[in-house]
Amino acid sequence: MFTTPKSILLVEDCPIDREMVERALSHDRLFNGSICCVDTLAEAIRELDSKDYDAVLSDLNLPDSRKLDTVSKLVDATDLPIVVLTCDSMDIGVNAIRLGASDFIPKSDIDKVLLSKAIAFSIERYNINRSLHDSNSQLEKANQRLQKLCQTSYEFVDDVSHEFRTPLTVIREFASLIKEGIDGPINNKQSSRLETLISRTDDLARMVDDLLDSSRLRSELITVSRRDNAITPVIENVLELVEQDARRKQIQLNIADVPDEMFAFCDSEKLGRVLTNLVTNAIKFTQPGGKILIKAECSDSPWNHTLSVIDNGPGISKELASKIFSRFQQGETLNESRSSCHGFGLGLSIANALSKLNLGKLTLESKIGHGSKFSIHLAGTSLSSKLSAFHETVLDSSNCKQLVALNVETRKTESPDSRDPQQGCLEKFLNDQLGAEALILERTPGQFRILFGMTDSNPRVVVDMLEAAWSVATVDTPKSAQSVKFAVSDTSCLESKDQFLGWATCQITDACDHDSRTPAWCRVKRSSQCKTTY
1 MFTTPKSILL VEDCPIDREM VERALSHDRL FNGSICCVDT LAEAIRELDS
51 KDYDAVLSDL NLPDSRKLDT VSKLVDATDL PIVVLTCDSM DIGVNAIRLG
101 ASDFIPKSDI DKVLLSKAIA FSIERYNINR SLHDSNSQLE KANQRLQKLC
151 QTSYEFVDDV SHEFRTPLTV IREFASLIKE GIDGPINNKQ SSRLETLISR
201 TDDLARMVDD LLDSSRLRSE LITVSRRDNA ITPVIENVLE LVEQDARRKQ
251 IQLNIADVPD EMFAFCDSEK LGRVLTNLVT NAIKFTQPGG KILIKAECSD
301 SPWNHTLSVI DNGPGISKEL ASKIFSRFQQ GETLNESRSS CHGFGLGLSI
351 ANALSKLNLG KLTLESKIGH GSKFSIHLAG TSLSSKLSAF HETVLDSSNC
401 KQLVALNVET RKTESPDSRD PQQGCLEKFL NDQLGAEALI LERTPGQFRI
451 LFGMTDSNPR VVVDMLEAAW SVATVDTPKS AQSVKFAVSD TSCLESKDQF
501 LGWATCQITD ACDHDSRTPA WCRVKRSSQC KTTY
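Heads up, the sequence shown is in UniProt numbering, so the first residue is 1 and it goes up one at a time.
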């Protein structure tokens, strides 16, 4: 039940209108409070400074103030709910509310309503809005504190990780020098212990890297740059990093023949980190004298390429396999204590997250006593493979309702031989700004087509954000800022995978419905899209 006002300040200079309001309140059986009447805005402000009221009932046109200025000045003068008396113009009343008034009542309706009840409704609505505003302010402050705490924790992890690396590097280098006999000959037992020291130092260094990577992934600070990359160099680089560990543990490390010209759409650095993690894990949990095989295969799935690490270690139980990619989950070997293979349990969760950044996925096949097979599934270089992987990895797992195609291109310079040095940074800029949630494809040098999903926001917001960020990035070279154009080329509703593939293919290839080169399935699906032009 609403509480009727006990004290009202009436600001009205017209005697007839003032008498009408007083009469309406006196005849209102719900009102038994007091009314203070003033003629001018200045008098009203003095009253508000000296006495307490429940609400202000004010005309707009006063001797010392006119129309909406009256509302603005009253809002500045008091926190009380303000009910405006208007003529029959609905627009003026609505604008008064936008300026801060709680409600408005047309003067022609004063005799037709319970005025005190209308004022009580306004007071209640004002109190609710104020309560919501206070709650929002508290939530905003709480969010700011949480963001500061999160930022502090990320900075702490980052600082600790970097502080650990220097002494670890020193320990490893000195142990290696002693093992190599720089300070004099050592016996086999001493060499073995130094080998263990070096191995454990490497384990600790990897743990520090895992901790740092996990923190950056959770704070979304890791960017991704996907391109068509050869698989063989990635495998060779990983081998250089892990072969010493395998040799130290007397594990046979083999590579199956990689298919000729095998290229995948990925960030090669991220792929290398995932593969390194998997091989390192395999070495850790495989017994001395065991075997590890790295195998690359092609398939017809949305992920055309598979890179597997197969070991003949102890295997993983079904129960553990179901949660092995979660944070802080670790496996155990059959014949070694847990402490000898100690870690944070972050490695596989990081590998899984990095695989998703590469529009891929990480899977496990294992059986106790028969070893394990970890497979990285990657998109191939064909457009259909890239689009399928993007849909499966990003769009299908999000709540986006709208598809957006963004065109980014560098304007041609007057001299065909002149190259803007900033143009070489454009791709990195796009990757840094849009992150892993967008598919960025370079159609021609300096021209990119970007696909991403949105909820209900206007895609123009993304364009404005990119333009502003690019202006900041090129603040020292204004011509570079002017040389890049960002524009929304098309939008569509996300209905199904086939509809997305059809729409996206047409966006990337610029195919038209009447073009005979456009696949039939592409032409059919385009007809069902809900298109908006910006």
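Every residue, glycine too, gets a C-beta built ideally from N, C-alpha and C.
Integer-rounded CB distance, given that F263 should sit under 8 Å from A230
By one-based count along the sequence shown, residue 230 stands at place 230. By one-based count along the sequence shown, residue 263 stands at place 263. Contact flag correct, Cβ pair sits at about 5 Å.
Using 10 angstroms around the beta-carbon of E19, count the other beta-carbons present and answer buried if the total reaches 16, otherwise exposed.
Residue mapping note: residue 19 aligns to position 19 of the sequence shown, counting from 1. When all chains shown are included, E19 counts as exposed.
The segment 71 to 79 in contact with the segment 21 to 31 per 3-pair CB rule at 8 Å
no
Distance between I171 and A321 (C-alpha atoms, nearest Å):
Counted from its first residue, the sequence shown places residue 321 at position 321. Counted from its first residue, the sequence shown places residue 171 at position 171. Their Cα atoms are separated by approximately 35 Å.
Could you pull out every residue in the same chain whose Cβ sits closer than 8 Å to the Cβ of T86, ignoring the five residues on either side in sequence?
Position 86 of the sequence shown holds residue 86. The residues are L60, I92, G93, A96, F104, I105, P106 and K107.
Compute the distance between the beta-carbons of L57 and L10, then report whether it is under 8 Å.
In the sequence shown, the residue the question calls residue 57 occupies position 57. In the sequence shown, the residue the question calls residue 10 occupies position 10. Yes. Within cutoff.
So, do the segment 349 to 361 and the segment 381 to 401 have three or more beta carbon pairs nearer to each other than 8 Å?
yes
What first and last residue would you give for the beta strand (DSSP E) that runs through I450?
Taking the first residue of the sequence shown as 1, we reach residue 450 at position 450. Taken as a continuous stretch (DSSP letters only), the beta strand (DSSP E) holding I450 covers Q447 to M454.
Go through its chain and collect everything with a Cβ distance to S339's Cβ below 6 Å, but skip five positions before and after it.
Counting from one through the sequence shown, the residue named residue 339 turns up at place 339. Summary for S339: the model assigns pLDDT 41, below 50, so the residue's position carries little reliability, and this model does not support an answer.
Report the option in E236, N188 and L354 whose CA atom is closest to the CA atom of T223.
Position 223 of the sequence shown holds residue 223. Closest option to T223, Cα to Cα, is L354.
Considering A504, what are the terminal residues of the alpha helix (DSSP H) in which it resides?
Taking the sequence shown and counting its residues from 1, the one referred to as residue 504 is at position 504. Taken as a continuous stretch (DSSP letters only), the alpha helix (DSSP H) holding A504 covers K497 to T509.
Out of curiosity, what's the CA-to-CA distance linking D210 and R125?
Taking the sequence shown and counting its residues from 1, the one referred to as residue 210 is at position 210. Taking the sequence shown and counting its residues from 1, the one referred to as residue 125 is at position 125. When rounded, the distance between both Cα atoms is 53 Å.
Among all the DSSP beta bridges, which residues are the ones paired with A296?
Walking along the sequence shown from the start, residue 296 turns up at place 296. According to DSSP, A296 bridges with L307.
Beta strand (DSSP E) runs contained entirely in the segment 227 to 304, provided each spans 3 or more residues
227 to 230, 252 to 255, 263 to 266 and 291 to 298
By a C-beta neighbour count over all protein chains shown, 10 Å radius and 16 as the cutoff for buried, is I128 buried or exposed?
Residue numbering aside, residue 128 sits at position 128 when the sequence shown is read from its first letter. Classification for I128: exposed.
Paired residues, beta bridge with C36 - DSSP
The residue you call residue 36 lines up with position 36 of the sequence shown. Paired residues: L9.
G290: which of A296, C298, V279 and E297 sits nearest, CA to CA?
Counting from 1 along the sequence shown, the entry for residue 290 is found at position 290. Measuring from the Cα of G290, the nearest candidate turns out to be V279.
With a Cβ-Cβ cutoff of 8 Å, do Q276 and V258 count as a contact?
The residue you call residue 276 lines up with position 276 of the sequence shown. The residue you call residue 258 lines up with position 258 of the sequence shown. A small correction: the amino acid at residue 276 is Thr; Gln does not occupy that position in the sequence shown. No, Cβ-Cβ distance for T276 and V258 is not below 8 Å.
Would you mind giving the Cβ-Cβ distance between I368 and G446, rounded to the nearest angstrom? I have them listed as a contact below 8 Å.
Translated into the one-based positions of the sequence shown, residue 368 becomes position 368. Translated into the one-based positions of the sequence shown, residue 446 becomes position 446. Not confirmed; about 54 Å, so no contact.
Counting only the same chain and skipping the five closest in sequence on each side, list residues whose C-beta sits under 6 Å from that of I16.
By 1-based counting over the sequence shown, the position of residue 16 is 16. Within the same chain, I16 has no close Cβ partners at all.
Where K485 sits in the DSSP three-state scheme:
Residue numbering aside, residue 485 sits at position 485 when the sequence shown is read from its first letter. In this structure, K485 counts as strand in the three-state DSSP scheme.
For the 8 Å Cβ check, are there 3 or more pairs between the segment 380 to 387 and the segment 490 to 504?
yes
Quick check on L406: does DSSP put it in helix, strand or coil?
Taking the first residue of the sequence shown as 1, we reach residue 406 at position 406. DSSP places L406 in strand when its eight states are reduced to three.
Can you say whether Q507 is buried or exposed, counting buried as having 16 or more other CB atoms within 10 angstroms of its CB?
Taking the sequence shown and counting its residues from 1, one reaches residue 507 at position 507. With 16 or more other Cβ atoms within 10 Å, it is buried.
Nearest to I440 by alpha carbon, out of V408, S457 and D203?
Taking the sequence shown and counting its residues from 1, one reaches residue 440 at position 440. Nearest C-alpha to I440: V408.
Per-residue DSSP class, three states only, for C150
Taking the sequence shown and counting its residues from 1, one reaches residue 150 at position 150. In the structure shown, C150 sits in a helix (DSSP, three-state: H, G or I).
Cβ pair L430, F448 closer than 8 Å
As a position in the sequence shown, residue 430 is number 430, starting the count at 1. As a position in the sequence shown, residue 448 is number 448, starting the count at 1. Yes, they are a contact pair.
Who are S492's beta bridge partners in DSSP?
Against the sequence shown, residue 492 aligns to sequence position 492. In the DSSP output, where bridge partners are listed per residue, S492 has L403.
Backbone secondary structure at D52 - three-state DSSP
Walking along the sequence shown from the start, residue 52 turns up at place 52. Of the three classes helix, strand and coil, the one that applies to D52 here is coil, per DSSP.
Could you check if M465 is buried or exposed, using at least 16 other CB atoms within 10 Å of its CB as the buried criterion?
As a working note, residue 465 is residue 465 in the sequence shown. With fewer than 16 Cβ atoms within 10 Å of its Cβ, M465 is classed as exposed.
From W303 to S375, what does the alpha carbon distance come to, in whole angstroms?
What you label residue 303 is simply residue 303 of the sequence shown in a count that begins at 1. What you label residue 375 is simply residue 375 of the sequence shown in a count that begins at 1. Cα-Cα distance, rounded: 11 Å.
Looking at the secondary structure, which residues open and close the alpha helix (DSSP H) in which V71 lies?
The sequence position of residue 71 within the sequence shown is 71, counting from 1. L68 to A77 is the span of the alpha helix (DSSP H), which, as asked, contains V71.
For I283, count neighbouring C-beta atoms within 10 Å of its own C-beta (all shown protein chains included) and say buried if the count is 16 or more, exposed if not.
Looking up residue 283 in the sequence shown gives position 283. Classification of I283: buried, given that the 10 Å Cβ count is 16 or more.
How should D513 be labelled, buried or exposed, when 16 other C-beta atoms within 10 angstroms of its C-beta is the threshold for buried?
By one-based count along the sequence shown, residue 513 stands at place 513. Residue placement at D513 is flagged as unreliable, the pLDDT there being 40, under the threshold of 50; the coordinate-derived value follows with that caveat. Exposed, since its Cβ has fewer than 16 Cβ neighbours within 10 Å.
Going by the beta-carbon positions, is the gap between N254 and T286 smaller than 8 Å?
Working through the sequence shown from its first residue, we reach residue 254 at position 254. Working through the sequence shown from its first residue, we reach residue 286 at position 286. Against a cut-off of 8 Å, the Cβ pair of T286 and N254 comes out as no contact.
Residue range of the beta strand (DSSP E) that includes R443:
On the sequence shown, residue 443 is found 443 positions in, with the first residue counted as 1. Start and end: A438 to T444.
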